[in-house]
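Worksheet: the structure to be examined is printed underneath.
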Amino acid sequence: MATQLTADQLYPGSIPGLGSEGTMSIRIQKTFEALFTLEEIRGIFRGSLPTGLDPGEEALLGQRVAELKAIVTDIEAGTGTPRVTKIAGTLDVRSREEQSINIHPIQAAGRLTTEARKALISYGDGYSTCDFCRKPFRLDKITKPGIADFHGELTKFLNMDQARVVPGARRGFQAVASSLVEKGDTVIVSALAHYTEFLAVEEAGGIVKEVPLDGKNIVTAEATAQKIEDVQRETGKLPVLVMIDHFDYQFANEHEIAGIAKVAHQYGIPFLYNGAYTVGIMPVDGKKIGADFVVGSGHKSMAAVAPSGVLAMTEEFAPKVLRTTAMVGDLTKRKFGIKEVEMLGCTLMGGTLLTMMASFPAVKERTLHWDDEVKKSNYFIDALTRISGSRVLSEYPRKHTLSKIDTTGSFDTVAKTHKRRGFFFSDELSSRGIVGEFAGATRTWKLNTYGLSWKQIQYLADAFTGIAEKYQLPVQK
Ligand SMILES: *Cc1c(COP(=O)(O)O)cnc(C)c1O
Numbered sequence: 288m289a290t291q292l293t294a295d296q297l298y299p300g301s302i303p304g305l306g307s308e309g310t311m312s313i314r315i316q317k318t319f320e321a322l323f324t325l326e327e328i329r330g331i332f333r334g335s336l337p338t339g340l341d342p343g344e345e346a347l348l349g350q351r352v353a354e355l356k357a358i359v360t361d362i363e364a365g366t367g368t369p370r371v372t373k374i375a376g377t378l379d380v381r382s383r384e385e386q387s388i389n390i391h392p393i394q395a396a397g398r399l400t401t402e403a404r405k406a407l408i409s410y411g412d413g414y415s416t417c418d419f420c421r422k423p424f425r426l427d428k429i430t431k432p433g434i435a436d437f438h439g440e441l442t443k444f445l446n447m448d449q450a451r452v453v454p455g456a457r458r459g460f461q462a463v464a465s466s467l468v469e470k471g472d473t474v475i476v477s478a479l480a481h482y483t484e485f486l487a488v489e490e491a492g493g494i495v496k497e498v499p500l501d502g503k504n505i506v507t508a509e510a511t512a513q514k515i516e517d518v519q520r521e522t523g524k525l526p527v528l529v530m531i532d533h534f535d536y537q538f539a540n541e542h543e544i545a546g547i548a549k550v551a552h553q554y555g556i557p558f559l560y561n562g563a564y565t566v567g568i569m570p571v572d573g574k575k576i577g578a579d580f581v582v583g584s585g586h587k588s589m590a591a592v593a594p595s596g597v598l599a600m601t602e603e604f605a606p607k608v609l610r611t612t613a614m615v616g617d618l619t620k621r622k623f624g625i626k627e628v629e630m631l632g633c634t635l636m637g638g639t640l641l642t643m644m645a646s647f648p649a650v651k652e653r654t655l656h657w658d659d660e661v662k663k664s665n666y667f668i669d670a671l672t673r674i675s676g677s678r679v680l681s682e683y684p685r686k687h688t689l690s691k692i693d694t695t696g697s698f699d700t701v702a703k704t705h706k707r708r709g710f711f712f713s714d715e716l717s718s719r720g721i722v723g724e725f726a727g728a729t730r731t732w733k734l735n736t737y738g739l740s741w742k743q744i745q746y747l748a749d750a751f752t753g754i755a756e757k758y759q760l761p762v763q764k
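Residue numbering for the sequence shown follows the numbering used here, starting at 288 and increasing by one per position.
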């Protein structure tokens, strides 16, 4: 069922900087078609007998291979028209990571590595981790593929004593809150805390109390100590957990994480380090920070499929948070021995974990080059702030690749009189092959430059100043 669309209908507005007039687009389109055709070939094998293909299957294979060859020719030459535009008749092909520079605030460091994409097509089947699961039947004990070793490496990577993979950072918060928080207990978070921290505490029956920010939107150790004191005075009890983000999701400012850990410990309160925006992109040393728990997000910062993440902890808390089941069936007397209650036995049983594992060597390596990522972030912010009326709301110089910016005095002044309003800016960006900005937003908004090469950063900076110049906004040289 081939729908004939021209490249221009499919990708309105060619991407001038990214190849000559639509050529790039059709090559990407054809690459997806080749991948899909290969999957169809794979489907033939899956439907055949182990002894080989029958004549009908053989004929079908021949047909598909011929199609594939034609597609490959199109990839090479940049020719052809889009033939497959939907998956399962309804889903669009998602090619924005191939077609564009994506500055979406939460997507940058979750993009899969090439190795992860290979792992995804290879291990996409449901419980694919379980091929060689043997006694004692727990995910983190599986040795083929090397899931047990991976847990050891993750633990070492974060410099903690135990690590488990979890379906997202939020499930890490949940496991900890559910283990440590009793009904009515207080948990200290920050005034910039992520909503999932609120929800994890709420589910456990606790109450969050927020540490206020200082004048520079930083969560300090001193303010945390004050908040702990306040809670003790008001409730007669100490908080049971302090949970603070190293870099928050609103400004990506760096907070006084080691000082906060120290303060928490002075009151005998465990400290959870929220590394959703750090683990997987910069070095994180849990012991050095003084964290009792380190939580990271696979799909935000570790180049893994969602939902994935990591929860690491010290030996001290493992018996509590990683407690094993004690439940016995009343009729059958069944027990499930080493299954961990908070993990509900096993967590990431397929493509999620395998992509995390496949990306891990690259992820480890990339954390060593965080300084270069920060340089690129500052390079872009410097270019942006040369556009008169633009500023950065995050701390500056930037220590992160996620930034909150304010273009009220620049692009928003154009939006006021433009017939497309704020969408003029999205239009201008997308015509340059840049996506991921909050569509229509020209006042305060966030972007993330993580993972862009210097060439792409230069292009991005030039695009912003180019749009400014087009609309006669003054740009400092
Ligand atoms: C994204 C984010 C989370 C949630 O991460 P998931 O892996 O999606 O659960 C939690 N905290 C902060 C600070 C975040 O930025």
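Positions of the beta carbon are idealized from the N, C-alpha and C atoms, including for glycine. Treat the numbers as computed from the prediction; the structure is a model and nothing was measured.
If you check the beta carbons only, do residue 530 and residue 597 fall under 8 Å apart?
The residue given as residue 530 occupies position 243 in the sequence shown. The residue given as residue 597 occupies position 310 in the sequence shown. Not in contact: residue 530 and residue 597 (Cβ atoms no closer than 8 Å).
Could you give the first and the last residue of the continuous beta strand (DSSP E) run that contains residue 558?
Here residue 558 is taken as the residue at index 271 of the sequence shown, counted from 1. Run containing residue 558: 558-561, per the beta strand (DSSP E) assignment.
Going by Cα to Cα distance, which pick from 651, 547, 440 is closest to residue 508?
Position 221 of the sequence shown, counting from 1, holds the residue named residue 508. For residue 508, the nearest C-alpha among the options comes from 547.
For a test of the three-state rule: what should DSSP assign to residue 575, helix, strand or coil?
Position 288 of the sequence shown, counting from 1, holds the residue named residue 575. Residue state, collapsed to three classes: helix.
Rounded to whole angstroms, what is the Cα-Cα separation between residue 447 and residue 412?
On the sequence shown, position 160 is the one that residue 447 refers to. On the sequence shown, position 125 is the one that residue 412 refers to. Those two C-alpha atoms are separated by around 31 Å.
Excluding five sequence neighbours on each side, which residues of the same chain lie with their C-beta closer than 8 Å to the C-beta of residue 379?
In the sequence shown, the residue the question calls residue 379 occupies position 92. 372, 373, listed in sequence order.
Do residue 646 and ligand 1 come close, with the Cβ less than 7 Å from some heavy atom?
Taking the sequence shown and counting its residues from 1, one reaches residue 646 at position 359. No.
Quick test of your reading: residue 535 and residue 618, contact by CB under 8 Å. State the CB separation rounded to the nearest angstrom.
For this step, residue 535 is matched to residue 248 along the sequence shown. For this step, residue 618 is matched to residue 331 along the sequence shown. With a Cβ gap of about 50 Å, residue 535 and residue 618 do not count as contacting.
How many Å lie between residue 635 and residue 426 at the Cα?
Taking the sequence shown and counting its residues from 1, one reaches residue 635 at position 348. Taking the sequence shown and counting its residues from 1, one reaches residue 426 at position 139. Between residue 635 and residue 426, the C-alpha separation is close to 8 Å.
Ligand 1 and residue 686: does the residue's C-beta get closer than 7 Å to at least one heavy atom of that ligand?
As a position in the sequence shown, residue 686 is number 399, starting the count at 1. Incorrect: residue 686 has no Cβ contact closer than 7 Å to ligand 1.
Return the CA-CA distance between residue 746 and residue 731, expressed in angstroms with no decimal places.
Position 459 of the sequence shown holds residue 746. Position 444 of the sequence shown holds residue 731. Approximately 22 Å, taken between the alpha carbons.
Taking the DSSP output, what are the residues bridged to residue 477?
In the sequence shown, residue 477 corresponds to position 190, counting from 1. Answer is 498, bridged to residue 477.
Exposed or buried, which one is residue 526 when buried takes at least 16 other CB atoms within 10 Å?
Locating residue 526 in the sequence shown gives position 239, counting from the first residue. When all chains shown are included, residue 526 counts as buried.
If residue 505 and residue 723 are in contact, beta carbons under 8 Å, what's the gap, nearest whole angstrom?
What you label residue 505 is simply residue 218 of the sequence shown in a count that begins at 1. What you label residue 723 is simply residue 436 of the sequence shown in a count that begins at 1. Contact flag wrong, Cβ pair sits at about 27 Å.
Within 10 angstroms of the Cβ of residue 761, are there 16 or more other Cβ atoms? Answer buried if so, exposed if not.
As a working mapping, residue 761 is identified with position 474 in the sequence shown. Exposed, since its Cβ has fewer than 16 Cβ neighbours within 10 Å.
Which one or two residues does DSSP pair with residue 532 in a beta bridge?
Residue 532 sits at position 245 when you count from the first residue of the sequence shown. Answer is 561, bridged to residue 532.
Taking the CB atoms as reference points, tell me whether residue 409 and residue 721 lie closer together than 8 Å.
Stepping through the sequence shown from its first residue, residue 409 is reached at position 122. Stepping through the sequence shown from its first residue, residue 721 is reached at position 434. No; because the gap between Cβ atoms is not below 8 Å, this pair is not in contact.
Could you have a look at residue 584 and say whether DSSP puts it in helix, strand or coil?
As a first step, residue 584 must be located in the sequence shown, where it is residue number 297. Residue 584 falls in the strand class under three-state DSSP.
Roughly how far, in whole angstroms, is the beta-carbon of residue 367 from the beta-carbon of residue 443, given that I think they are within contact range, below 8 Å?
Residue mapping note: residue 367 aligns to position 80 of the sequence shown, counting from 1. Residue mapping note: residue 443 aligns to position 156 of the sequence shown, counting from 1. That pair is no contact at about 48 Å.
Any heavy atom of ligand 1 closer than 7 Å to the Cβ of residue 483?
Reading the sequence shown from its first residue, position 196 is the one you call residue 483. True, at least one ligand heavy atom lies under 7 Å from that Cβ.
Have a look at the DSSP bridge pairing and note the partners of residue 732.
Within the sequence shown, numbered from 1, the residue matching residue 732 stands at position 445. Answer is 692.
Note down, in chain order, each residue of its chain lying with its Cβ closer than 7 Å to the Cβ of residue 394, except the 5 sequence neighbours on either side.
Within the sequence shown, numbered from 1, the residue matching residue 394 stands at position 107. Only 723 meet the Cβ criterion.
Identify, in the order they occur along the chain, each residue of the same chain with its Cβ nearer than 8 Å to the Cβ of residue 496, setting aside the five sequence neighbours on each side.
Here the question's residue 496 lines up with position 209 in the sequence shown. Taken in chain order, the residues that qualify are 473, 474, 475, 476, 514, 517, 518, 526.
Kindly provide the ranges of any alpha helix (DSSP H) runs that are 4 or more residues long and lie completely inside the segment 601-665, ordered along the chain.
Listed in chain order, the complete alpha helix (DSSP H) runs (minimum 4 residues) inside the segment 601-665 are 605-608, 638-654.
I'd like to know whether the C-beta atoms of residue 748 and residue 683 end up nearer to each other than 8 Å.
As a first step, residue 748 is located in the sequence shown; it is residue number 461 there, counting from the start. As a first step, residue 683 is located in the sequence shown; it is residue number 396 there, counting from the start. No; because the gap between Cβ atoms is not below 8 Å, this pair is not in contact.
Might you give, ordered along the chain, the residues of its own chain that have their beta carbon closer than 7 Å to the beta carbon of residue 755, omitting 5 neighbours on each side?
Against the sequence shown, residue 755 aligns to sequence position 468. Here the set comprises 674, 697, 762.
Select from 664, 676, 727 the residue whose C-alpha is nearest the C-alpha of residue 743.
Stepping through the sequence shown from its first residue, residue 743 is reached at position 456. Answer by Cα proximity: 664.
Is the CB-CB distance between residue 586 and residue 334 below 8 Å?
The residue you call residue 586 lines up with position 299 of the sequence shown. The residue you call residue 334 lines up with position 47 of the sequence shown. Contact: no.
Using a Cβ-Cβ cutoff of less than 6 Å, which residues in the same chain neighbour residue 676 once the five nearest sequence positions on both sides are dropped?
Stepping through the sequence shown from its first residue, residue 676 is reached at position 389. Excluding positions up to five away in sequence, the list reads 696, 697.
Less than 8 Å between the C-beta atoms of residue 750 and residue 719, yes or no?
In the sequence shown, the residue the question calls residue 750 occupies position 463. In the sequence shown, the residue the question calls residue 719 occupies position 432. It is a contact, given that the beta carbons lie within the stated cut-off.
Residue 365: which of 456, 653, 313, 462 sits nearest, CA to CA?
The residue you call residue 365 lines up with position 78 of the sequence shown. Among 456, 653, 313, 462, the Cα nearest to that of residue 365 belongs to 313.
Beta carbon of residue 536: closer than 7 Å to some heavy atom of ligand 1?
Against the sequence shown, residue 536 aligns to sequence position 249. Yes, the Cβ of residue 536 comes within 7 Å of a heavy atom of ligand 1.
What do you reckon, are the CB atoms on residue 589 and residue 628 nearer than 8 Å?
In the sequence shown, residue 589 corresponds to position 302, counting from 1. In the sequence shown, residue 628 corresponds to position 341, counting from 1. No, they are not a contact pair.
Restricting to Cα atoms, I'd like to know which of 735, 369, 644, 717 is closest to residue 437.
For the purposes of this step, residue 437 is taken as the residue at position 150 of the sequence shown. That would be 644, whose Cα lies nearest to the Cα of residue 437.
Would a C-beta distance cut-off of 8 Å place residue 577 and residue 599 closer than the cut-off?
Here residue 577 refers to the residue found at position 290 when the sequence shown is read from its first residue. Here residue 599 refers to the residue found at position 312 when the sequence shown is read from its first residue. Not a contact, by the Cβ cut-off of 8 Å.
Exposed or buried, what is residue 692 when buried is set at 16 or more other beta-carbons lying within 10 Å of its beta-carbon?
Translated into positions along the sequence shown, residue 692 becomes position 405. With 16 or more Cβ atoms within 10 Å of its Cβ, residue 692 is classed as buried.
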